[in-house]
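Colleague: Structure in structure tokens, see below.
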Amino acid sequence: MLLPLALLDSLPLLAMDLGANRPRADSSADSSARNVRPRGGKAGHTASEGEMGEVVKQIAKLSLSNAQSNRALEACVMETLKIPADSPYSKAYKEGTLMFSQAQEDLKKTTKDPEVIREKLVLPQVYAFNQMIVLLLKEKDLPLAELIAAETKKWDPKMVASQIKHYQMSKMYGGANMKFKVSVPMALNLNPDIQPVTGISPAWVWCVLKKHLLQQKGVSLMQGRAPPGDLERQIQMFLDK
């Protein structure tokens, strides 16, 4: 069973007890001055340039392994859409983020307390989501458009943020398309063609928006794990030399 991001974030991080945290026999030694001890080497051995190069390679391999695991996790808990950069919805997303930035700057003129700013602004994805909904409601023949418009005006920003967990758009390689990553766990069992009896929620409206987006030219749902990013490719090229 897949866990929502909110649950994943709240789980305690447990590490195997391999004895690494046990107190050393000589506790009086200065822990800030440690010699590198390569595999099979003796204590007090200073690593050579070749050995340090091997350490760097192992770190690079570990970085690639972690990046691959992160991409696999993202594929499990997020939906990713490819949207043309010149799409009205890409522009609406950008407008929402700019609105957040402007609201943040305006609020900083009255208070410097980050907690107060965070409390009043909630999260930037709320602004981006709202702007895309405004554009959606302008579409012709949208079912329940009037009802959706009326309900969205009643939404509390914190409630929207609690359902729209992740909402990020970034440029893809080449710049012609945008990668749109979204996590809305509550939408998993919702049907955009069936009005929920519990009311119009942000999660259900996301389902309606996603259905509409996938009908637009150049928009597609990307399946599976994402390919390695630019930094991963550079690290791999370094290892292949």
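If you read the sequence shown in numbering that gives the first Met the number 0, its first letter stands for residue 0, the second for the next number, and so on. Idealized CB from N, CA, C, for every residue including glycine.
Is the separation between the beta-carbon of Leu189 and that of Trp203 shorter than 8 Å?
Modeller: yes
Colleague: Please name the residue, chosen from Thr45, Lys60, Gln194 and Met171, that lies closest to Phe237 on a Cα-to-Cα basis.
Modeller: Lys60
Colleague: Round the Cβ separation of Lys93 and Lys178 to the nearest angstrom and send it over; I've been treating them as touching at under 8 Å.
Modeller: That belief does not hold up - the Cβ atoms of Lys93 and Lys178 are roughly 14 Å apart, past 8 Å.
Colleague: Terminal residues of the continuous beta strand (DSSP E) containing Thr197?
Modeller: First-last for Thr197: undefined, no H or E at that position.
Colleague: Cα-Cα, which of Ala84, Arg70 and Ile58 is closest to Leu227?
Modeller: Note on residue identity: the sequence assigns Pro, not Leu, to residue 227. Nearest C-alpha to Pro227: Arg70.
Colleague: Could you round the C-beta distance between Asn176 and Ala84 to whole angstroms and report it? I think they count as a contact, below 8 Å.
Modeller: 6 Å
Colleague: How far does the alpha helix (DSSP H) with Thr110 in it reach, from first residue to last?
Modeller: No alpha helix (DSSP H) contains Thr110, which DSSP labels as neither H nor E.
Colleague: Quick check on Pro156: does DSSP put it in helix, strand or coil?
Modeller: Reduced to three states, the DSSP call for Pro156 is helix.
Colleague: Name the residue from Ser100, Ser200, Lys210 and Glu78 whose alpha carbon lies nearest to the alpha carbon of Lys154.
Modeller: The sequence given here places Trp at residue 154; Lys does not occur at that position. Checked all of Ser100, Ser200, Lys210 and Glu78; the closest Cα to Trp154 is Ser200.
Colleague: Who are the near neighbours of Val133 in its chain, counting only those whose CB is closer than 6 Å to its CB and skipping five residues on each side?
Modeller: none
Colleague: Compute the beta-carbon to beta-carbon distance between Ser182 and Val55, rounded to the nearest angstrom, for a pair I have assumed lies under 8 Å.
Modeller: Not really, about 34 Å apart at Cβ, beyond 8 Å.
Colleague: If you draw a straight line from the C-alpha of Glu78 to the C-alpha of Ala144, how long is it?
Modeller: 24 Å
Colleague: Along the chain, which unbroken stretches of the beta strand (DSSP E) at least 3 residues long are found entirely within the stretch 62-129?
Modeller: 78-83
Colleague: Are the Cβ atoms of Gly173 and Tyr126 separated by less than 8 Å?
Modeller: no
Colleague: Starting from Leu220, trace the beta strand (DSSP E) in both directions and tell me its first and last residue.
Modeller: Ser219 to Met221
Colleague: Taking buried to mean at least 16 other C-beta atoms within 10 Å of its own C-beta, is Lys240 buried or exposed?
Modeller: exposed
Colleague: If we ignore side chains and look at the alpha-carbon of each, how far apart do Ala102 and Leu122 end up?
Modeller: 11 Å
Colleague: For a test of the three-state rule: what should DSSP assign to Val133, helix, strand or coil?
Modeller: Val133 carries a helical assignment under DSSP once its states are collapsed to helix, strand and coil.
Colleague: Does DSSP put Met185 in a helix, in a strand, or in coil?
Modeller: helix
Colleague: First and last residue of the alpha helix (DSSP H) that includes Met236?
Modeller: Per DSSP, Met236 belongs to the alpha helix (DSSP H) from Asp229 to Asp239.
Colleague: Taking the alpha carbon of Met168 as the point to measure from, which residue in Asp105, Gln124 and Pro195 has its own alpha carbon closest?
Modeller: Gln124
Colleague: Helix, strand or coil, according to DSSP, for Lys216 in the structure here?
Modeller: coil
Colleague: Assuming Leu135 contacts His211 (C-beta within less than 8 Å), just tell me the rounded distance between them.
Modeller: 6 Å
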